[in-house]
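Chains as they are written, first to last, in the working numbering: chain A, 1 to 451; chain B, 1001 to 1451; chain C, 2001 to 2451. Notes to accompany the following structure.
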Amino acid sequence: MRSASARAVPEGQSLRTALVDPAIGEAIYSLASEIYPICRSITGPGVRETLGLLRRHIPIQTQEVPSGTIVFDWTIPNEWVVHGAFIRNAAGEKVVDFADHNLHLVGYSRPVHAVMPLAELRRHIHTLPDQPDLIPYRTAYYSEQWGFCLAHRQLEALPERLYEVVIDTTLQPGSLSWGEYLHSGESTEEFLLSAHICHPSLANDNCSGLALLAVLGERLSRLSTRYSYRFLFAPGTIGAIAWLAANEAGAERIRHGLIVSGVGDAGGPTYKKSRRGDALIDRAMTHVLRHASASSSILEFFPYGYDERQYCSPGFNLPVGLLQRSQFGTFPEYHTSADDLDFIKPEHLAASYSLVVSAIEIVEKDWQPLSVLPKCEPQLGKRGLYDAVGGRRAGPVESMAFLWILNLADGKHSLLDMAERSKLAFSTITDAADLLRDRGLIVDAGNRAND
Amino acid sequence: MRSASARAVPEGQSLRTALVDPAIGEAIYSLASEIYPICRSITGPGVRETLGLLRRHIPIQTQEVPSGTIVFDWTIPNEWVVHGAFIRNAAGEKVVDFADHNLHLVGYSRPVHAVMPLAELRRHIHTLPDQPDLIPYRTAYYSEQWGFCLAHRQLEALPERLYEVVIDTTLQPGSLSWGEYLHSGESTEEFLLSAHICHPSLANDNCSGLALLAVLGERLSRLSTRYSYRFLFAPGTIGAIAWLAANEAGAERIRHGLIVSGVGDAGGPTYKKSRRGDALIDRAMTHVLRHASASSSILEFFPYGYDERQYCSPGFNLPVGLLQRSQFGTFPEYHTSADDLDFIKPEHLAASYSLVVSAIEIVEKDWQPLSVLPKCEPQLGKRGLYDAVGGRRAGPVESMAFLWILNLADGKHSLLDMAERSKLAFSTITDAADLLRDRGLIVDAGNRAND
Amino acid sequence: MRSASARAVPEGQSLRTALVDPAIGEAIYSLASEIYPICRSITGPGVRETLGLLRRHIPIQTQEVPSGTIVFDWTIPNEWVVHGAFIRNAAGEKVVDFADHNLHLVGYSRPVHAVMPLAELRRHIHTLPDQPDLIPYRTAYYSEQWGFCLAHRQLEALPERLYEVVIDTTLQPGSLSWGEYLHSGESTEEFLLSAHICHPSLANDNCSGLALLAVLGERLSRLSTRYSYRFLFAPGTIGAIAWLAANEAGAERIRHGLIVSGVGDAGGPTYKKSRRGDALIDRAMTHVLRHASASSSILEFFPYGYDERQYCSPGFNLPVGLLQRSQFGTFPEYHTSADDLDFIKPEHLAASYSLVVSAIEIVEKDWQPLSVLPKCEPQLGKRGLYDAVGGRRAGPVESMAFLWILNLADGKHSLLDMAERSKLAFSTITDAADLLRDRGLIVDAGNRAND
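Structure, rendered in structure tokens:
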């Protein structure tokens, strides 16, 4: 049974009104700025510190999975802790220092204390010769490596001398952490909203996604909803795998899902479909993006990217897509120190937030109308639903919404079907459908539209 | 069982030859000119007078439905009769007069006799400021309003004085009229051809459609056909609804349908599909228009327009599309006094007529061939069906038609399927199929193609 | 049960390595040059002489079908033998001589010995006024005609005198010949490879196809394959019809087929689909051509062309397509004396050969993987299948192949499905799949992919 959408939010208030306000972009930006400086990786104190800051907004529960735990084909690695790391010249000057920028240290670098000539050190140094002022982001999970990332100009300025290399890290049994919050709705069926929490100081990828979801969860937690909403903040790949291993059966409850990542830049928006390609979330996001922006892109699924890779593996095949602004890997700031707090903007964060809210509106409010008067058109005029003076050049948008709904109200078309076929916005259709239902012209066909 | 198409028309004469002649455009134009001056509305003497003129060509039976009759969600309104209407200035001059142009009076205006200043009168005056020389067309059905339509320059020329307004109309119980003619074919299944009869002096919309169908009906009535053909001349919306209410069960016999409206201007042609989108009439008209003109447009169904709205309501969902030249609402003359007898031309009327005849040819003549020699190609040369000297650069169109038919003659493809796949005209395919059947190379698979 | 592809070729050698070498284009060109001068027709000694030259490469068995034999709707004609043909002027000079170019004589010309003025002779002369230096190719099968083909300039140079016409041909009961070779594979299901052998001195059409298939058969005969491969060298139309009549039941074994014709010129490549349109050979050739060349064209089936017309007749409907470079009839050299040994090139022959080998690779090597670890991605890094340093801008092609295969390895997708969806080359996918199978990550789902 469908619940009346009116029950989803406080009486007389739309879901959108309850979730969006003019300061939302600033609120997300502010939280992203707070978590930006923290050095995160797939394990370690940075993840926990970040979860602590998010918890001020959303009542996250933290899960810890011990190192060595088998999760499907993978093993939870030792926990990585950085106490400091630098390269020092003979004059005792730190020429590269993790304290200056946490991208300087290759993620999961093992401890090192050695003196070596630049020629040997160079084999452990990563730069971007084509972007000589930027520090690249590199990791070395699941291998016993170490390294530094430098701006290429910084490397070129180093004389061919001996250098002392100090990497003061520990790689010891500990645990992997993730945080999650379940907002229970009428149904135990879930809408998964997930952001990866394993990247260090990269503002767009993915402080933007973490902050957006925390702010959304904060507001959504106050509302009654049809679906349950699961907010997940887990390290990329290994965190999603660990979560799925711990929720192998429960994953079936995920009826819709969005990975939210890189949602603060000026590009896109971009939606990458789930492996299914025709899931409701795929149709909803396609509709939402097409109406939101002429520059939007809809991509077919491909098995590379973020944690949709795991949710869409053949053994799960869940309806989980990916929302971004610019597509990962397609912009010069990607995975460099230029992905900083200047690269993301409150206005883009607010626009991305609005897209997610629109998708939520669709899954919450979709239903299948059945016309009470299916033979010929009902007379809208006598019900005040039609301009009384005919002969005008075109009916307004609202009139077209009435006509589309009544024409397709055979109990087989959902409101989203109608929005797609009419090219009208889902919100226009759903507002008109509410009015037609209030006037007794349509009823709910009784089957949940998106089941 | 399929009837041989040879029985449909006098021996040795094609359906097209029997229906089309070089003077057809002039004949339609002449009839349109006769009915153009009449002031029609959804009820009243203008409809009956128009039916009387059409009856000189086609044996229309008139139906009258009393005011107050409930037809689905609607009620037949009081009958509207205009005796005269004008605006007179203090000098006694009629500055606006219904006798000059019947568009001056808003349709269904209630009786008025009053004196008022221009400021008050202006609230009842409709003009087109962007087209200052044209009188707009406006109606006020189902409301107690009144008004005048003026060229904007005419309004601007009126001094701010007192004016006497006289609208000598009656709105009293009477009846709504429609006319129909059923040409009985072999089958009781029907092809509906309908034009709205409720617009006053608008030549394209819809004197053109009324005249085209009357002339077509005149010629078709002399032929034997596979299908029965129902010609319907009814007021827009309420007339179609009244007809459907009176024929609720019989409507199922409609297997193909065309609303014919605005078929005399230089634009288009335009075909708007039925709600089904893949009905035979949709495929036939798509084929016909694509072969007729590079400027043709095929539109998907949308629930705004002419009486296809009623036939395609979800409780009927009949295969009824709309044929026009320019799409309604897209040209400056639409619903103005510029839609006059100069706006329509015999040549365009003849071209539209030919499109309808082509659609009739398809539904009459379509069938599903079965090859008698399905293994390898039959030898066309020994039957005189192939150029005897081979090695030419390309086979002519007729040879390609033979080859396509024989290749697809598996009893599952209709001639229209073959025309679509080969991109050859249906007439080319059907002529070739007749020849192949005469030579005994194909037989009728026995199932009516378009059932 | 699927056979491991490793068994198809000598241990450690790919099918492509076993079939292709750098000299392949020259080998095909050389054989095409040998058979070019022979005057072939649909019957007669030219076909047998050509089969004799092909037999040096591939163990062809010759079939002879007597004149008068009924083959479906056709009858094997009398055998045509040319002893000589010329036009001689009053001075005793041969102004046109079959000995100079076998295109000078219209194929199947009946014997003639007569003296006539040019005015009368002209009715039997074919030229190309728009290409005045070229001799056209013309035939007159199944009719009692005769004629000469001349360069238009040659005709224009002839004075209006009397000429002696001598056509020393015989048209007597004999037989129609074709050659075929069956390479038996594990399965009795067949891949048909066919070229027409009835054209006289036309290098591209079809010395190129005959030579390509003979050279391919020579190399394929040394390998073990999954499928059986039938090589057929038969006269166009009547030869294919005779073969199908003799193999009416056996034709069902043809699971894939290619007509190979005009594969030596610089254009295309062009693949014309089978009547089915979605057969594996259609998908395979579409994939192969799209990856081979930006100038490739894929055409939907149409019932005109080469012997695919017979194989795709509705009573057989076999999955047989057509491979060409330039499409027949679209280039000025088509069916003229300009289709000579300068018009074809070893490099184009080699490229066409490679396309056929690629199609063979697909049908031989396609299978449906099933992931052993379908829940989440397997850890490629610990198996040495993934770059150990992450964070790079993009995974290399091989990594993408691994990810696509693992993502789609649900037992329902074949390797070709994966190649199509990923847009990666089939060879990239199959190499990656071999590696994943060797590492135990996928197994064969057990059903032959292309059954």
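Yeah, the Cβ is synthetic: ideal placement off N, Cα and C, and Gly gets one too.
C-alpha of ALA2338 (chain C) to C-alpha of GLY2262 (chain C): approximately 13 angstroms in a straight line.
Between PHE1343 (chain B) and ASP1265 (chain B), the gap from beta carbon to beta carbon is short of 8 angstroms.
Within the same chain, Cβ atoms closer than 6 angstroms to the Cβ of LYS1094 (chain B) are found at PHE1086 and ARG1088, the five residues on either side in sequence being excluded. Annotation: GLU2160 (chain C) to ASP2133 (chain C) spans about 20 angstroms, alpha carbon to alpha carbon. When CB distances to chain C are screened at a threshold of 7 angstroms, not a single residue of the region 119-136 of chain A falls below it. Unbroken alpha helix (DSSP H) runs of no fewer than 4 residues, entirely contained in the region 1286-1359 of chain B, are found at 1308-1311, following chain order.
Nearest in C-alpha terms to ARG2283 (chain C), of all of C:ALA2409, C:ALA2157, C:ARG2222 and C:LEU2415, is C:LEU2415. When C:PHE2301, C:VAL2115 and C:SER2201 are compared, the shortest CA-CA separation from PRO2136 (chain C) is found for C:SER2201.
Taking a Cβ-Cβ cut-off of 7 angstroms, the neighbours of LEU1403 (chain B) in chain C comprise PRO2303 and TYR2304, given in sequence order.
LEU2244 (chain C) reaches chain B at LYS1375 and CYS1376, counting residues in chain order whose Cβ is nearer than 8 angstroms. Per DSSP, the unbroken beta strand (DSSP E) holding ASP1444 (chain B) starts and ends at 1442-1444. Put simply, the region 1139-1148 of chain B does not touch the region 1046-1056 of chain B. Fewer than three CB pairs are less than 8 angstroms apart.
The beta carbon of ARG1138 (chain B) lies closer than 6 angstroms to those of VAL1106, HIS1126 and CYS1149 in the same chain, with the five residues before and after it left out. Counting every other CB atom within 10 Å of its CB across the protein chains shown gives ASP1366 (chain B) a total of 16 or more, marking it as buried.
At a cut-off of 8 angstroms between C-beta atoms, PHE2098 (chain C) does not count as an interface residue with respect to chain B. Counting of Cβ neighbours within 10 angstroms places LEU1216 (chain B) among the buried residues, the total reaching 16 or more. A residue is called buried when at least 16 other Cβ atoms come within 10 angstroms of its Cβ; ASP307 (chain A) meets this threshold and is buried. Nearest in C-alpha terms to LYS375 (chain A), of all of B:TRP1080, B:PHE1316, B:ASP1410 and B:PRO1374, is B:PHE1316. Membership of HIS1152 (chain B) in the alpha helix (DSSP H) is indicated by the continuous run 1152-1156. Pairing VAL363 (chain A) with LEU280 (chain A) gives a Cβ-Cβ distance under 8 angstroms. With respect to the C-alpha of PRO1319 (chain B), the residue from B:LEU1441, B:ARG1040, B:LYS1272 and B:ARG1421 having the closest C-alpha is B:LYS1272. Exclusion of the five residues before and after ALA350 (chain A) leaves ILE24 and GLY25 as the residues of its chain whose Cβ lies within less than 6 angstroms of its Cβ. Residue pairing of PRO1129 (chain B) in beta bridges, as defined by DSSP: absent, with no partner found.
Listed along chain A are ASP73 and TRP74, each with a C-beta nearer than 7 angstroms to that of GLN2379 (chain C).
DSSP places LYS382 (chain A) in the helix class (H, G or I) of the three-state scheme. Following the DSSP letters along the chain, one finds ALA1195 (chain B) inside the beta strand (DSSP E) bounded by residues 1190-1196.
When C:SER2352, C:GLY2440 and C:HIS2256 are compared, the shortest CA-CA separation from GLY2268 (chain C) is found for C:SER2352.
Listed as beta-bridge partners of TRP80 (chain A) by DSSP are A:LEU171.
Spatial neighbours of SER221 (chain A) in its own chain (CB-CB distance under 6 angstroms, excluding positions within 5 residues in sequence) are listed in chain order as HIS183. Separation of the CB atoms of CYS2198 (chain C) and GLY2239 (chain C) is rounded to 7 angstroms, and the pair is thereby assigned contact status at 8 angstroms. At least one C-beta of chain B is nearer than 8 angstroms to the C-beta of LYS382 (chain A). Straight-line measurement puts the Cα of ILE1058 (chain B) at about 12 angstroms from the Cα of THR1050 (chain B).
Taking a Cβ-Cβ threshold of 9 angstroms, the residues of chain A close to MET2400 (chain C) are PHE302, PRO303 and TYR304, in chain order. Counting other Cβ atoms within 10 Å of its Cβ, GLU190 (chain A) reaches 16 or more and is therefore classed as buried. In the structure shown, the three-state DSSP call for TYR271 (chain A) is strand. Taking CB atoms only, ASP2410 (chain C) has a neighbour in chain A less than 8 angstroms away.
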